[in-house]
Structures are given as C-alpha cells and as structure tokens.
Amino acid sequence: MTCSKDYIERAEHAVLHTYNRYQIVLEKGKGVRLYDLEGKEYLDFGAGIAVFALGYGNEDYNQALKDQIDKLIHTSNLFYNVPMTEAAEKLLKASGMSKVFFTNSGTEAIEGAIKAARKYAWLKDGSTDHEIIAMKHSFHGRSLGALSVTGNSHYQEPFKPLIGGIRFAEFNDLESVKAQVTEKTCAVILETVQGEGGIYPAQKEFLQEIRRLCDEKDILLILDEIQCGMGRTGSMFAYQSYGVQPDIMTTAKALGCGVPVGAFALNEKTAAASLVPGDHGTTYGGNPFACAAVSKVFDLFEELDIVKHVQETAPYLEEKLDQLVEKYDFLAERRGKGFMQGVEVTVRPVGEIIQKAMDNGLILMSAGTNVLRFVPPLVITKADIDEMIEKLEKSF
Ligand SMILES: *Cc1c(COP(=O)(O)O)cnc(C)c1O
Numbered sequence: 117m118t119c120s121k122d123y124i125e126r127a128e129h130a131v132l133h134t135y136n137r138y139q140i141v142l143e144k145g146k147g148v149r150l151y152d153l154e155g156k157e158y159l160d161f162g163a164g165i166a167v168f169a170l171g172y173g174n175e176d177y178n179q180a181l182k183d184q185i186d187k188l189i190h191t192s193n194l195f196y197n198v199p200m201t202e203a204a205e206k207l208l209k210a211s212g213m214s215k216v217f218f219t220n221s222g223t224e225a226i227e228g229a230i231k232a233a234r235k236y237a238w239l240k241d242g243s244t245d246h247e248i249i250a251m252k253h254s255f256h257g258r259s260l261g262a263l264s265v266t267g268n269s270h271y272q273e274p275f276k277p278l279i280g281g282i283r284f285a286e287f288n289d290l291e292s293v294k295a296q297v298t299e300k301t302c303a304v305i306l307e308t309v310q311g312e313g314g315i316y317p318a319q320k321e322f323l324q325e326i327r328r329l330c331d332e333k334d335i336l337l338i339l340d341e342i343q344c345g346m347g348r349t350g351s352m353f354a355y356q357s358y359g360v361q362p363d364i365m366t367t368a369k370a371l372g373c374g375v376p377v378g379a380f381a382l383n384e385k386t387a388a389a390s391l392v393p394g395d396h397g398t399t400y401g402g403n404p405f406a407c408a409a410v411s412k413v414f415d416l417f418e419e420l421d422i423v424k425h426v427q428e429t430a431p432y433l434e435e436k437l438d439q440l441v442e443k444y445d446f447l448a449e450r451r452g453k454g455f456m457q458g459v460e461v462t463v464r465p466v467g468e469i470i471q472k473a474m475d476n477g478l479i480l481m482s483a484g485t486n487v488l489r490f491v492p493p494l495v496i497t498k499a500d501i502d503e504m505i506e507k508l509e510k511s512f
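Residue numbers (the numbering used here): 117 to 512.
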C-alpha cells in the first residue's frame, strides 16, 4: 500500500515549494470530518480556508455537479449558459448588488474590482493617475494588482514595482483614511472583517463613516467579502450587518464551496459607468460547471437556513473560546464575528499548538503571526464545538 510519506516525498519533488505543508495527505471528507490516507480522522475547523461551508459530501450539492458534468462543463463567454444566469441572479439577490462578473479565484475578483474602479474614475475625468486607499495588514490576494493593495510588505517586497497609486491607511482609524484622500482617490478597498491579518472586524462606526466619506467625494467603496462573506459572520454578506452597501464587492472562497470560483459585483451607479465589452474577460469565468456549484450553494443556503444556523450556533463558539481565554494565561484575546473567530496567542508559538491539534485529530489554521483561526464549515453543531474545545485543550 502506498502511504502518505511516499506521496509527500513525490509531491515535494514535483510541486513548486511555495507552501510549508502539514505532513498529512487528505483523502476524503464526510460532514465536518476529514480523513487522511491512513484513515486517521480529523475534525475540520479550517474548511479548506473558509471554503467548504456546507461540509463534505452533501448529496444535493454533489448530485448537482455530477448532473452538470454530464450536460456541459464549459462553453466560453462567447455564449450564454443556464447556470451562469441562475447563479448571477441568486448572487445579486443575496448581495443587493446590480451586476456581477464571475472569476476563477478571489485574487481575480480583486483585479476586476480595481479595474472597474479605475475605469469609473477615468470616464469621469480622463486622468490616468488615480489612487486607491487600502488598509495596513490587509490581504487581497497574490496576483500583482491584488498584491499591490495588500498591506503586508513581506508579501510585496520581492515583486516590486507593483501597480502605482496605492496609499495605505490604518484599519479602523477614520482619520488615517481621511489623511490619505486626495483629488485623485478613486476607491477605498477593505475587508469587512480582516482575515489573514489576524481576524479584525471593522468597527461599525468606522465602516459607516467610510461610506459617508466615499459618498461625499464620489469615491468607490470596495468591500472584500472573499473570506467573511457567504454567511460566515451570521449575515449573507458581512456588510449587511453594518447597514452599509458597497459600490463594488468581491466574493470567492465559500461561493462555490470547493469549486474554484469568485466574483466581483457592482452597484447600479458603478455598473452603468465602468467596464464595457473589450475591457475585461476570462476564458473560464462564468463557466457552467462552476456556476452550477454557485447556484446550488445559494439554494442549499436557503434550504438549510445556513445563516440562521450560524446566528444560533456561533454565540456558543464565542462563549467557549472566551472561557479558554479566561482560563489560559497565554491566550490574550478573542476577536471575530460568527464562525470567523480568532484567538490571539502570546508566548507560545501558534504553529506548535496547531501541530499538536492535528496530532489530536483537529484541523485548525493560523492567521497573522500569533492568532489561532477558527473558520469551520458553517454546518457545525454545538457537539462539534465541544469536541473541538476538548481536542484543543489537550493540545495546549
Ligand atoms: C483568500 C482571500 C483572497 C484571495 O483569494 P484567492 O482565491 O486565494 O485568490 C482575497 N481576499 C481575501 C479577504 C481572502 O481571504
């Protein structure tokens, strides 16, 4: 029998070493559990980085994909297809946006959002030196445009020059944002809840004031909901709990629940005066296979009332994590919203705790340098949370 060690060695020979991976070869999943090649079971509180919201092996979801595979996998954007139309309508209804463009990943959604914002501003005044305000400690992706608005110099440095005209402000500090506004500013981009930076939710007043500032100066507000969207924080999109609507929003991760797909969506004002035929495109984006997944995900979110389940169950996770923070000196703070939680760790290296957790059959991830991140499938129950806490304490 070929074992994990063999695949790990072969992967390290064949795959470019851009990740330091855990020494685990995952083979299959069921519900909120994953299994490696040796059959060891893991309770999954990572969901493939906030992707697999529905849990593994949902029969309706799997069947919808199988049916679409047998019908048609790809057409190109030179034609219309049924799943794209249905997925688009469902995404717009859920997000309150006006027009959507499907991409293949989160970073591409950010690229499209940046292009739409620049085009909107260019149509207004014809100038080609517009600026975008982004946040420190943000994360928006690895392609060069998205990297340019990612406030992490470690990620940026080797790849300079990046795209120009990006200014960074402090997250949750309105004055710091205002200080970066010039007559060239065309957009402000931020994550409604910062993910990779360490799980920092935007403060309500901050986001509302940014919205007001953008309205006043006709600056476009781009909200990156790639990690915090799709029900994770207890509303379909996190901005909905702030009473703030963006001009442009991006989504990906849980949008297809494992099928690679993302999207950026524009409000009416932005859609009416930005990208037109010839401005933007993709071979795969809006492909019937990916969109069949998106369409089914929205159906299942409704059928299973996922958002309500998050609202009802997440307070229990918060309570349990708060108890841990209370109990252990090296846990400094819990932050987050819904099933997007972070616990800040001091003194002890986060990586060691995560490794121990995996030994104990619990998959966890980090965020930033010192935060334990909890982004489970959205269907987890209180019993799963109890089990997670037990395994985590054992790992301390
Ligand atoms: C993951 C992530 C991205 C990038 O998405 P990819 O699909 O990895 O390109 C962008 N923004 C946020 C907030 C993310 O969490």
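Positions of the beta carbon are idealized from the N, C-alpha and C atoms, including for glycine.
Check: Beta-carbon proximity of N288 to Q319, cut-off 9 Å; Outcome: yes
Check: Any non-hydrogen atom of ligand 1 closer than 8 Å to R348 Cβ; Outcome: no
Check: Which of helix, strand or coil DSSP assigns to K252; Outcome: strand
Check: Cβ-based neighbour list, L260, same chain, cut-off 8 Å, excluding 5 preceding and 5 following; Outcome: F275, L278, I279
Check: Distance between A303 and D334 (C-alpha atoms, nearest Å); Outcome: 9 Å
Check: Alpha-carbon to alpha-carbon, A262 and Y358; Outcome: 25 Å
Check: Cβ-heavy atom distance, F287 to ligand 1, below 8 Å; Outcome: no
Check: Bridge partner(s) assigned by DSSP for S482; Outcome: L488
Check: Any heavy atom of ligand 1 within less than 5 Å of residue CB: hits in chain order; Outcome: S221, G222, T223, H256, G257, E307, G311, D340, I342, Q343, A368
Check: C-alpha gap between Y196 and K369, whole angstroms; Outcome: 24 Å
Check: Paired residues, beta bridge with Q319 - DSSP; Outcome: DSSP output for Q319 lists no bridge partner at all.
Check: Spatial distance of T219 from F512 (CA atoms); Outcome: 41 Å
Check: Beta-carbon spacing of Q457, I315 below 9 Å; Outcome: yes
Check: Beta-carbon proximity of G171 to V491, cut-off 9 Å; Outcome: no
Check: Test item: CB-CB of L336 and D363 under 9 Å; Outcome: yes
Check: Contact under 9 Å by Cβ, G164 with G147; Outcome: no
Check: Cα-Cα separation, L371 to F168; Outcome: 9 Å
Check: DSSP bridge partner residues for M456 (one or two, in chain order); Outcome: K453
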